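Chains as they are written, first to last, in numbering that gives the first Met the number 0: chain F, 0 to 511; chain S, 0 to 188; chain W, 0 to 377. Glycine is no exception: its CB is placed at the ideal position from the N, C-alpha and C atoms. Note that this is a predicted model, so its numbers are computed, not measured. Presented below is the structure to which this report refers.
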Amino acid sequence: MSFMQPSPVKYACSCGIVNPINKLFFCRHCPKLRCGYCVSHEVESHFCSNCLENIPSSEARHKKNCCANCFDCPCCHHTLSARATTVPVVRKTEEPKDGESAGAATPPPASSKPSAVPTTKKMYYLSCLSCRWTTRDVGIPDQGVATGTWPDNECLYQARFNTLMEYYQSVVLQEKQEKQEFQRRKAPKAHKFPSLTDRTGLTVSLIRRQIGWSEKNVPKTKPLNITPAEAISELEDLPQDIFTQPINLRNITTVAQRHSQPADQPTAVGNLYPQRRSLWIKRSLRCRQCEHNLIKPEYHPTSIKYRIQLFASYHVPEVVMVRLEHPLEAGQSNAILLKLSNPTMYDMTISILDEKPTEEPQINPDEFQATCKIKEEAVTSSPLMKVAALARQTLTKEVTREVRDVANAKIKLLESEFVLNQRDDSKEFDEEVQAQTEEPNFIVWRKGNKVLLRLQFTPAAELEVNDVVTLGFFMQYTYVNTVSNTAEKKEPTTHTLSSRLFIDAGRIEKGN
Amino acid sequence: MEIPDTYYSKDEYVETASGNKVSRHTVLCGSQNIVLNGKVIVQSGAIIRGDLANVRTGRYCVISKNSVIRPPYKQFSKGIAFFPMHIGDHVYIGEGAVVSAAVIGSFVYIGKNAIIGRRCTLKDCCVIEDGAVLPPETTVSSYMRYTAKGTIEGGQGNPCFVPAAMQDEMVNYTKSFYEHFIRTPAPAS
Amino acid sequence: MPLYESVIQEKPPIVLDIGNAYTKLGFAAEAHPRKIIPTTVVLSTTSETKRLFDFADTTEFYDQIVDFLQMIFFKHLLVSPKERKIVVVENIFGQTVTRETLARVLFKHFDMSSVLFVPAHLISLSTLALPTAVVVDIGYSEVTVMPVFSGVQIMPAFMDQSYGGSAVHNEIKRQLVASGIKESLLTENVLEDIKVRVCFVTTFERAQARLKGNEPQPTPSPSVDYPICDYDTIIEIPGIVRETVYEIMFEQSNERDSLPHLILRAILECSVDVRRALLESIFLIGGGAMVMGLLPRLKQELQHLLETDAYYKDRFHGEVEFKFYKPIGKENFTAWLGGALCGATDLIQTRSLTKDAYARNEHVPDWTNLCDNRHAGS
């Protein structure tokens with residue numbers, strides 16, 4: 000059983016989507032579970048996944064999100080490797096035997112001293128180690144440097160595109176100016192009397208004219224002239240040999256190959272050129288409610304560390320399914336062994352419930368929003384930003400979905416709540432001192448921050464053979480929060496939180 | 000899901016002082032060139048070609064059944080040369096995988112029957128899917144997942160494809176794999 | 000000029016053209032899309048791949064669009080969508096649910112600052128710097144004809160038929176299965192590859208000869224051995240298949256709905272004064288228009304109809320010569336290119352639907368909706 004397999008234990012995120020714990024995050028400020036769907040993703044840094052070079056975002060934008068040094072194969076999209084070859088440099092002076100063989104070029108007398116060792120030069124070509132395509136296949140000459148000047152895709156109609164763009168920009172600009180002009184001319188008519196600014200405006204423009212300055216208002220832009228495209232009636236006919244000559248599929252590109260070169264989309268294999276490799280990004284995730292980061296990776300491409308990492312598995316008791324006591328049978332009582340572990344530095348009191356506990360109003364949402372706003376105001380002093388921030392808060396909330404209840408077994412609740420001890424890494428090396436305490440009988444064993452729990456349940460009687468049995472329950476736990484939203488309270492606060500869990504226990508094996 | 004216990008017989012596996020558990024049914028060529036840095040499991044049928052070049056693994060690695068660890072070579076104009084291979088800590092190499100990488104970072108998961116071509120570089124915290132084939136000289140950077148289809152997906156901070164807490168996941172997984180890989184208890188007699 | 004340099008600020012707007020088969024994506028003021036990707040989505044929940052427009056209910060569609068755009072922003076364009084502007088090229092007769100859901104995702108999930116919806120047919124013309132043409136979009140699921148005169152789309156003259164790329168795929172499949180090839184081999188990808196790499200539109204003369212059953216029939220093009228790697232087999236594609244699959248666009252029937260009929264009928268729907276201008280300016284866009292031999296065939300078919308069909312003879316007078324426009328760039332991203340031009344102008348500031356406007360009534364203004372048109376006169 001590998002951890003790459005889907006986990007049978009799933010937690011319901013605060014947005015209503017069910018996820019295994021390793022896909023969940025825990026916002027300490029809210030405090031709620033978050034998943035990849037209900038957080039906002041942001042681009043943290045750009046890098047090339049082949050040469051592992053970090054590329055600043057301005058440079059990435061400039062390079063059109065492509066690496067300057069790495070190339071992809073145009074055939075199979077794998078990375079190309081540079082291959083070196085040594086080519087002898089043909090010195091025209093090397094063979095000073097006969098003038099006839101050297102041809103028209105006469106050797107310059109300065110370098111007439113023949114060297115005994117033939118000089119060689121390293122030349123590079125790009126080769127795909129996956130499909131064996133090389134730059135030599137399409138007749139690109141070898142380059143003197145590995146990261147050399149490989150041909151870039153150039154856009155044949157770039158000039159025309161630029162003209163079009165300038166043309167439309169000026170058209171739109173003119174339209175805008177006309178509209179402004181129209182409004183300006185319309186505006187004074189609304190007043191009965193000419194206003195003071197109008198009069199001064201007049202004098203100013205008069206004065207300007209008198210002293211020979213140019214008119215203050217911008218000269219009207221005229222749309223540039225553009226030659227529209229011309230319709231043609233002479234069309235390219237089908238090549239006649241298409242009806243007689245067999246085609247060679249090897250020379251015709253596939254759709255994927257064409258699309259990887261979107262500008263020219265070559266149909267012949269001979270027009271495929273090395274493609275600059277696309278960059279990759281590191282993402283940071285941000286809680287939509289409180290705008291705090293949940294994940295912020297380290298900047299460097301090779302670093303695997305995070306500057307901020309609020310994984311759910313660091314804050315929420317982890318439930319691992321160990322095994323069932325009996326094979327599953329519809330309507331027959333059974334028991335499941337679950338291993339719970341406490342990842343935090345504080346003891347947790349846990350109880351298993353079958354309906355949502357009435358949540359203590361730990362954080363009043365409005366009050367919380369207010370504190371967030373205060374914080375933001377402190378950070379962003381400009382009023383414009385504040386407006387934007389306010390607008391953001393009204394909009395960015397995704398609609399919370401109802402958790403889809405798929406549970407089809409009756410859980411026998413535990414008689415009491417129990418305590419899950421804090422995590423203590425040093426205990427791992429301690430001698431096992433089993434302080435024999437009175438344990439409730441549903442606890443099978445306890446070791447450090449882990450507890451093995453026996454939970455009885457009965458799958459619904461109407462289940463058929465091969466139906467999946469899903470257990471569903473609420474786990475209520477105490478959580479000690481070491482961060483606080485308000486500045487006054489420095490003490491860690493204790494919350495009682497609850498998570499809804501679904502456990503995929505397996506399939507019914509026997510009918511009844 | 001908790002990893003179930005795997006039992007091995009006393010005759011089948013050798014346990015070294017540093018906690019390595021190495022099957023007797025393996026082919027370890029050039030064993031003087033193989034360094035297992037402790038708590039490494041090498042299961043039956045695995046082949047490690049230390050005779051070609053040095054092979055060095057970190058702690059808590061799992062080299063599963065029938066996998067092949069083979070140092071990479073590079074062709075030069077005057078013949079070929081083999082290069083040493085380094086494997087980091089907490090690396091899982093799945094059953095039947097053929098690994099010819101130059102460097103494997105730490106916390107790497109290589110799926111069943113994956114083929115890692117020569118001189119590949121697998122950075123820390125990457126995942127190779129079951130049955131994926133990596134052409135030679137591929138680099139898989141951190142938090143990337145190389146799929147069986149031959150595409151690379153994921154990236155740090157992407158909640159899909161590779162878990163964000165890949166490091167912890169691999170540490171837990173390889174540690175509990177080691178803890179649950181236990182000798183069959185001697186029959187009580 | 001400094002005035003419109005401010006338009007292309009630090010963050011160029013994103014331009015998106017989500018087609019039924021392929022999505023074109025890139026940035027405004029660039030001459031070609033950055034990527035052309037299949038319109039399929041890998042679901043983040045189950046990691047299965049499916050087509051974006053296959054959905055049972057709007058929630059499912061919403062989730063698929065979220066996953067799809069997530070991939071576009073973070074895998075292909077590598078930009079944070081937050082507070083960015085976007086231009087979406089849309090089919091003017093597209094479903095309301097598509098644009099409403101898309102707008103909801105863009106504003107609610109991705110927090111974008113504004114969306115500018117531009118109609119594909121009209122905006123394609125901007126790449127020609129022309130105000131008048133019959134725009135024929137040969138897409139994946141349908142072929143649409145929209146006459147545009149002086150920059151105004153003539154809505155009542157809009158025509159559409161379903162013989163787009165997918166119909167051609169089905170035709171290839173039908174013919175190949177009839178020639179004894181196992182249907183299981185012919186996946187959608189294989190069919191598309193066959194269509195693109197070996198098929199073409201045959202000439203008018205040969206098609207007529209086939210139609211009339213003339214003896215001797217023209218010898219078909221050489222057949223092609225086509226390898227299917229996934230199944231390790233080679234199938235033979237007969238030359239007749241290569242030549243005739245596109246005939247579905249020119250099939251004569253009483254419905255009078257073949258492609259030439261569609262264009263002529265669309266022109267006839269327009270007022271008499273503009274017809275001649277439209278006849279001399281036909282503009283084919285869409286991936287389906289890239290097939291070899293389509294233009295000359297279409298021209299001959301049109302001329303032929305005009306000369307022989309009594310209905311058209313009565314209505315079009317005088318010497319008529321059909322003329323076509325060549326797009327800049329490739330046909331399959333012409334509409335995108337129009338969007339990129341549009342996004343480079345000040346229109347992105349003035350005509351976009353902003354987040355605040357959307358927040359007021361959570362609705363995208365639509366030309367078919369009377370409420371949105373009421374104040375449009377000013």
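Excluding residues up to 5 positions away in sequence, 125 lie with their Cβ nearer than 6 Å to the Cβ of residue 340/W in the same chain.
Counting the other Cβ atoms within 10 Å of the Cβ of residue 9/S gives fewer than 16, which makes it exposed. Within the model, the alpha-carbon separation for residue 322/W versus residue 23/W is close to 28 Å. Flagged as an interface residue toward chain F: residue 163/S, by a C-beta distance shorter than 8 Å. In this structure, the straight-line span from the alpha carbon of residue 27/S to that of residue 146/S is close to 30 Å. Between the stretch 63-76 of chain W and the stretch 32-49 of chain W, the count of Cβ pairs shorter than 8 Å is three or higher; the stretches touch. Per the DSSP secondary-structure output, residue 84/S pairs in a beta bridge with 54/S. For residue 87/S against residue 111/S, the beta-carbon gap comes to about 20 Å, at or over 8 Å, which does not count as contact.
When 7 Å is used as the limit between beta carbons, residue 43/W is near these residues of chain S: 159, in chain order. Of all residues in the stretch 242-267 of chain W, none is placed with a Cβ closer than 7 Å to any Cβ belonging to chain F. Of all residues in the stretch 265-290 of chain F, those with a C-beta nearer than 7 Å to a C-beta of chain W are 278, 280 and 282, reading in chain order. Proximity of residue 283/W to chain F, defined by a Cβ-Cβ separation below 8 Å, is not satisfied. If you check the CB distance, residue 162/W and residue 71/W do not come in under 8 Å.
In this chain, the alpha helix (DSSP H) harbouring residue 272/W covers 271-278. Counting only runs that start and end inside the stretch 296-330 of chain F, the beta strand (DSSP E) elements of at least 3 residues fall at 305-308 and 317-323. Under the DSSP assignment, residue 40/F falls in the beta strand (DSSP E) whose first and last residues are 38-46. Ranking 144/F, 142/F and 125/F by CA distance to the CA of residue 136/F puts 125/F first. The alpha carbon of residue 219/W has as its nearest neighbour, out of 42/F, 138/F, 242/F and 232/F, the alpha carbon of 242/F. Under the DSSP definition of a beta bridge, residue 151/S partners with 145/S. Around the beta carbon of residue 283/F, 16 or more other beta carbons lie within 10 angstroms, which makes this residue buried.
Judged by DSSP in its simplified three-state form, residue 355/W adopts helix. Rounded to whole angstroms, residue 156/W and residue 92/W show a C-alpha spacing of 13 Å.
In this structure residue 13/W touches residue 85/W by the C-beta definition: roughly 5 Å separates them, less than 8 Å.
Secondary structure note for residue 16/F: it is in no alpha helix (DSSP H), with a DSSP letter that is neither H nor E. Three or more beta-carbon pairs separated by less than 8 Å are not found between the stretch 221-236 of chain W and the stretch 270-277 of chain W, which leaves the two stretches without contact.
A straight-line Cα-Cα distance of about 7 Å links residue 88/W and residue 17/W. A distance below 8 Å separates the beta carbons of residue 107/S and residue 125/S. Residue 260/F places its beta carbon less than 8 Å from that of residue 73/F. As DSSP reads the structure, residue 226/W sits in a beta bridge with 233/W.
Setting aside the 5 residues that flank it on each side, residue 112/W is surrounded in the same chain by 82, 83, 84, 353 and 354, each with a C-beta closer than 8 Å to its C-beta; the list follows chain order.
Residue contact check for residue 168/S against chain F: a CB pair falls below 8 Å. When rounded, the separation of the alpha-carbon atoms in residue 183/S and residue 77/S is 52 Å. Residue pairing from DSSP places residue 338/F in a beta bridge opposite 319/F and 451/F.
Taking the CA atoms as reference points, residue 109/S sits about 13 Å from residue 161/S. Bounds of the beta strand (DSSP E) holding residue 25/W are 21-26. Contact of residue 344/F with chain S is not assigned, every C-beta pair being separated by 8 Å or more.
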